[in-house]
Structure formats: structure tokens, C-alpha cells
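I have placed the structure first, in the form of C-alpha cells, so that the comments after it can refer back to it.
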Amino acid sequence: MSLTHDRKSELLAAVRLFDGVDETGIGRIADVVLEVDFSPDRVIARQGEIGSGFFVITAGSARVVRDGERIADLGPGDFFGELSVLDGRPRVAQVIATEATTCLALSTWDFEAVVLDQPRVALAILRGLAGRLRELTEADRH
């Protein structure tokens with residue numbers, strides 16, 4: 070079943086990475102995302118490969134594996150692939166669907182176009198990544 074533009078916007082607005090993005094920015098992202106279904110055990114993103122997209126899980130679940138070790142579990146509202154899309158370097162982990170999983174996928178070129186067109190999207194992403202980095206660096210101190 071295909072999601073409506075309004076439902077895509079609603080799902081994207083709930084993603085932590087997009088906190089602070091206004092309705093126009095969310096709508097612009099919703100304009101270009103594609104709904105993609107993955108079967109259980111399907112690799113969505115492969116460690117070491119250059120990423121061509123950013124993903125938001127809308128249904129189902131996935132596991133994140135780095136160097137053969139499970140490091141996280143993801144579910145609806147979680148996102149992945151942003152680092153490789155932003156810096157053009159290989160993915161640092163593999164993401165595998167653990168059940169039938171649906172994602173909203175944003176290609177690298179559409180991601181870049183939205184960021185250039187919508188400064189609030191760029192600012193929200195910067196803040197989200199800074200928050201993740203802060204969590205990691207502060208966790209090492211405690």
C-alpha cells in the first residue's frame with residue numbers, strides 16, 4: 070500500500086533528525102522520498118559500500134551490524150544512511166531487515182537538493198548529527 074504525501078510528511082516530521090524543520094521543509098522531503106519494502110533478512114545497506122540513500126523505517130525492524138557484531142536494533146521512526154549520504158564515504162555498518170520492513174528512502178541527489186533548497190533541513194541535520202556526536206563523546210567520559 071502506497072503512503073499518501075500527508076502520511077509521508079507525518080512520518081518524516083516525527084523523525085528526530087528533522088526536529089525543527091518547518092512544514093515546508095518536511096513537505097519538500099515528502100515530495101521526493103520513495104516507499105521501499107524489504108523482505109526479512111534482506112540487506113538494506115551494506116558496510117563498506119558508498120551509500121546512495123538515506124532511510125527512515127516506517128514499519129518493521131532492522132538490525133545494525135558492524136564488523137559482524139550486532140550494535141543496534143532499529144524500528145519505526147529510526148533512520149540510517151545519513152553519514153554516507155553527507156560525506157560520500159563508505160557505510161560504516163550494515164543494516165539488515167529482521168522482518169518485513171518498509172522504509173522511506175531519499176536518494177543522495179534528492180537529499181542534497183532538499184538541503185540546498187531548505188536551509189532549515191540542513192540546520193536540523195547538523196543539530197541532529199551534533200547531538201549524536203555529543204552523546205558518543207560524553208558516553209566515553211562516564
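Residue numbers for the sequence shown follow my numbering, beginning at 70 and rising by one. C-beta: ideal position from N, C-alpha, C; glycine also.
When the options are compared against residue i, the one with the closest alpha-carbon
| i | options | result |
| --- | --- | --- |
| residue 103 | 116, 132, 73 and 159 | 73 |
| residue 141 | 89, 96 and 166 | 166 |
| residue 181 | 143, 207 and 121 | 121 |
| residue 148 | 189, 198 and 206 | 198 |
| residue 127 | 96, 111, 157 and 80 | 80 |
Sheet register partners of residue i (DSSP bridge)
| i | result |
| --- | --- |
| residue 105 | 172 |
Between the CA atoms of residue j and residue i - distance to the nearest angstrom
| i | j | result |
| --- | --- | --- |
| residue 113 | residue 71 | 19 Å |
| residue 172 | residue 161 | 19 Å |
| residue 150 | residue 164 | 9 Å |
| residue 35 | residue 169 | Since the displayed the chain opens at 70 and closes at 211, residue 35 lies outside it and no answer follows. |
| residue 194 | residue 205 | 17 Å |
Supposed close pair residue i, residue j - CB separation, criterion 8 Å
| i | j | result |
| --- | --- | --- |
| residue 82 | residue 124 | Wrong, their Cβ atoms sit about 16 Å apart, outside the cutoff. |
| residue 159 | residue 200 | At roughly 23 Å, the Cβ-Cβ gap does not stay under 8 Å, so residue 159 and residue 200 are not in contact. |
(message) Runs of 3 residues minimum, wholly inside the region 137 to 174: which ones carry the beta strand (DSSP E) assignment?
(response) 138 to 143 and 163 to 166
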